[in-house]
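Number 337 marks the last residue of the sequence shown (the working numbering); no jumps.
A short worksheet on the structure shown next.
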Amino acid sequence: MTARGKLLGVAVGVAGALSLLSVADAKGFRRYLSLRQDVSALQQRNAALDAQNEALRQEIAALRKDPAALERAVREELGYVKPGELVFHLESP
């Protein structure tokens with residue numbers, strides 16, 4: 245075997261040993277996979293929060309510009325009624 249072949253064998257052995265060490269070490273590859281899952285979960289949460297923020301922005305714009313939307317919100321959230329109206333609260337068991 246030539247010196248080049250021996251050097252290649254040593255390099256492959258060291259690379260294999262480092263790979264095994266990385267997989268076995270808690271701060272190595274397993275930690276990387278765990279952090280990758282955490283990043284994915286946070287990205288999904290951010291996307292959901294972005295959608296929620298956009299819905300709230302649209303509701304704010306509607307409340308500022310549309311009197312009917314404002315009246316609906318006041319009636320639903322605060323329970324306001326117009327004079328002469330009757331309100332029936334129906335609850336299911």
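C-beta: ideal position from N, C-alpha, C; glycine also.
What first and last residue would you give for the alpha helix (DSSP H) that runs through residue i?
i, result
"residue 273", "273-309"
Indicate the three-state DSSP secondary structure (helix, strand or coil) for residue i in the structure shown.
i, result
"residue 251", "helix"
"residue 329", "coil"
"residue 265", "helix"
"residue 321", "helix"
"residue 314", "helix"
Within the 8 Å Cβ cut-off, does residue i reach chain B?
i, result
"residue 265", "Judged by its chain identifiers, the structure shown contains no chain B, having just a single protein chain."
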